[in-house]
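To keep things clear, I will list the structure first and then write my remarks on it.
Residue numbers (our numbering): 2 to 130.
Shown next, in the form of structure tokens:
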């Protein structure tokens with residue numbers, strides 16, 4: 002996967018999370034809208050998990066346990082455990098439980114700065130987003 006696609010997926014994820022708390026499965030579906038070819042390669046969960054783990058490690062976002070479908074936070078998940086959750090494929094596809102894992106911004110201002118930086122980078126590469 003080239004870095005251009007990787008950066009665009011990172012933008013999709015951070016843009017969605019900055020809008021509001023998101024279920025991990027929702028993030029997976031958002032990426033599939035743009036990169037459906039990854040689905041046939043079983044790649045969206047791996048790529049999204051890798052990018053999300055990076056965003057967690059850099060303290061842009063955190064994993065939370067939340068009600069489904071209301072998306073009310075039940076508890077925040079410790080970073081080390083959150084990294085494991087982000088990498089687990091079933092968490093990217095599971096959505097029929099009373100609760101699901103979600104992602105929220107740790108610091109919206111910091112996350113929006115990253116979103117804007119990624120947008121400019123993608124715009125430069127594509128001339129459109």
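C-beta: ideal position from N, C-alpha, C; glycine also.
Report the rounded CA-to-CA distance for residue 104 versus residue 52, giving the unit in angstroms. Going by the C-alpha atoms only, they are around 13 Å apart.
So residue 96 is in the alpha helix (DSSP H); what residue range does that whole segment cover? Unbroken run through residue 96: none, as it is neither H nor E.
Residue 106: buried (16+ other C-beta within 10 angstroms of its C-beta) or exposed? That one is buried.
Among 55, 94 and 117, nearest to residue 63 - alpha-carbon criterion: Cα-wise, what sits closest to residue 63 is 55.
Length of the line joining the Cα atoms of residue 122 and residue 100: Taken atom to atom, the span from the alpha-carbon of residue 122 to that of residue 100 is near 36 Å.
For residue 88, collect the residues of the same chain with a Cβ closer than 7 Å to its Cβ; drop the 5 residues on either side in sequence, then sort them by chain order. Cβ neighbours of residue 88 within its own chain (closer than 7 Å, five residues either side excluded): 50 and 54.
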